[in-house]
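In the numbering used here, the protein residues as written are 226 to 692.
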């Protein structure tokens, strides 16, 4: 840790700052700046005026900077950094009225890209967090964090809340149930998991089932009928109607009273009705695959579908030992190091080493995109600063936002949006990051192959750039 004077142009806003909602993670810095401008509670206009008024005075508070692989990321002082950046370049504002205000303020002082500020610089992120803890616990005459921002901060630091631990325990409870795997996948997947967790982490549910988070983070449930009632909850949410015929969806489960009514109505004896309904509504297609009619759409087991495809020889080749056959994914990059990674992914036993494969897949994707964008000349458009090395999320955002002229297939872009947004899926960017950084996260062979399936089309372009 040291005190150092750094140019504002070499400092980067921290996109994991608790003030930014999750959707702004890995977002372009200009978007972050305009988020601050558009939210009056952050008082950027007032801050700019204060900076200009006292511009000749020594800086009272230093910015706290985390030096991460030559990227100077500001952990503390993002509002002030925003004010400095806007005064240096008013064009960063997308609001014409605010832009005129900035031009007027800038005319009162002398400031350009050489402007530098005093910073506390550390290579240890945990040390930077200590400064944040000390400052925001005491207010320090800043715009104080509200409860949602405190929750964001605690979660992003890795201090799981009780609800987060509860969700992990509930997921494990679902996986342990004696119901079809397809139903488990569906309730924990996109479209249903939010309502599921909203219901079972509610106060009425906590009171009825008596959740207890043990010292090691495991979930203990006091109510002996929990497993039976859990089946009823799952079936009702998937069916969007409870067993009494009442509507169960995001609107009804968005009200505390409705959730309480739903939880109270669940009888453990109803689990037998659910099991019968599942049995009655389960049929087989021509190839013997199970199809369960629950709700408006039939639910199928992806494992069975894969086995059917294999039996019918729909695939011309067997499932590879590694992630792919070389013939299915050509490699035409002029890079020996990337070729080594490519060969490792082709030859590694995904079944025996799923976690290592998932980790290597993420590294290969990031390095391949860096090489590709340098080859196509797009790299300079993604870089925020001279010393900035774009991260994987930033490069995916570049594609998603339609800024890549060479990767513009609409279906691929929609797929990448899902990769960035479906946090609970094995193919998501968040899951790939967790495999790399979270000791509690692990992958199965199915998870890794599902992740590669979503990214295969992107790899086919990136590994074979236009000449």
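No residue lacks a Cβ here, since even glycine has one placed at the ideal position from N, Cα and C.
Keep in mind the model is a prediction, meaning the values are calculated, not measured.
- Per DSSP, the unbroken beta strand (DSSP E) holding residue 344 starts and ends at 341-347.
- As computed with DSSP, residue 489 is found in no beta bridge at all.
- Fewer than three beta-carbon pairs drawn from the stretch 568-578 and the stretch 592-601 are found closer than 8 Å, and the two stretches are therefore not classed as touching.
- The beta-carbon separation of residue 391 and residue 426, rounded to 5 Å, stays under the 8 Å limit for a contact.
- Secondary structure note for residue 436: its beta strand (DSSP E) is the uninterrupted segment 436-438.
- Close CB contacts of residue 497 within its chain, under the 7 Å cut and outside five residues either way in sequence, are absent.
- Annotation: the continuous alpha helix (DSSP H) that includes residue 419 extends over 418-425.
- Look at the stretch 234-279 and you find these whole runs of alpha helix (DSSP H), each 4 residues long or longer: 254-263 and 269-278.
- Around the C-beta of residue 226, fewer than 16 other C-beta atoms lie within 10 Å, and the residue is accordingly described as exposed.
- Contact annotation, residue 336 with residue 313: C-beta distance approximately 6 Å; criterion of less than 8 Å satisfied.
- Residues 612 of the same chain have their beta carbon placed closer than 6 Å to that of residue 295, with the five preceding and five following residues left out of the count.
- Excluding five sequence positions before and after residue 330, the CB atoms of its chain that fall closer than 6 Å to its own CB belong to 273 and 277, given in chain order.
- Looking from the CA of residue 430, the closest CA among 242, 308, 485 and 311 belongs to 485.
- For the set 574, 563, 581 and 690, the Cα lying nearest the Cα of residue 602 is the one of 690.
- In this structure, the CA atom of residue 583 is about 17 Å from the CA atom of residue 544.
- Secondary structure of residue 333 (DSSP, three-state): coil.
- Three or more beta-carbon pairs drawn from the stretch 254-270 and the stretch 306-326 are found closer than 8 Å, and the two stretches are therefore classed as touching.
- Taking a contact as a CB-CB distance under 8 Å, the pair residue 461 and residue 473 counts as one, their CB atoms being some 5 Å apart.
- As computed with DSSP, residue 292 is found in a beta bridge with 297.
- Sequence-distant Cβ neighbours of residue 632 in its own chain, meaning closer than 7 Å and more than five residues away, are 624 and 686.
- The criterion of a C-beta distance shorter than 8 Å is satisfied by residue 459 and residue 412.
- Leaving aside the five residues that flank residue 263 on each side, the residues in its chain whose CB is nearer than 8 Å to its CB run, in chain order, 320.
- In its chain, beyond the 5 residues on either side, 411, 462 and 463 have a beta carbon closer than 7 Å to the beta carbon of residue 417.
- Residue 229 sits in a strand when the DSSP states are folded into three classes.
- A distance of 8 Å or more separates the beta carbons of residue 446 and residue 495.
- In the DSSP assignment, residue 444 falls within the beta strand (DSSP E) that extends over 444-446.
- Looking at the DSSP output, residue 466 bridges to 472.
- At a Cβ-Cβ threshold of 8 Å, residue 673 and residue 575 count as neighbours.
- Comparing alpha-carbon positions, the option among 323, 239 and 243 lying closest to residue 271 turns out to be 323.
- Annotated three-state conformation of residue 672 is helix, per DSSP.
- Residue 345 places its beta carbon less than 8 Å from that of residue 228.
- Between residue 233 and residue 306, the C-beta gap is smaller than 8 Å, which places the two residues in contact.
- A residue is called buried once 16 or more other Cβ atoms fall within 10 Å of its Cβ, and residue 242 is buried on that count.
- When the alpha-carbon of residue 465 is set against those of 454, 684 and 477, the nearest one is in 477.
- Separation of residue 279 and residue 290 (C-alpha to C-alpha, rounded to the nearest whole angstrom) is 23 Å.
- Residue 567 carries a helical assignment under DSSP once its states are collapsed to helix, strand and coil.
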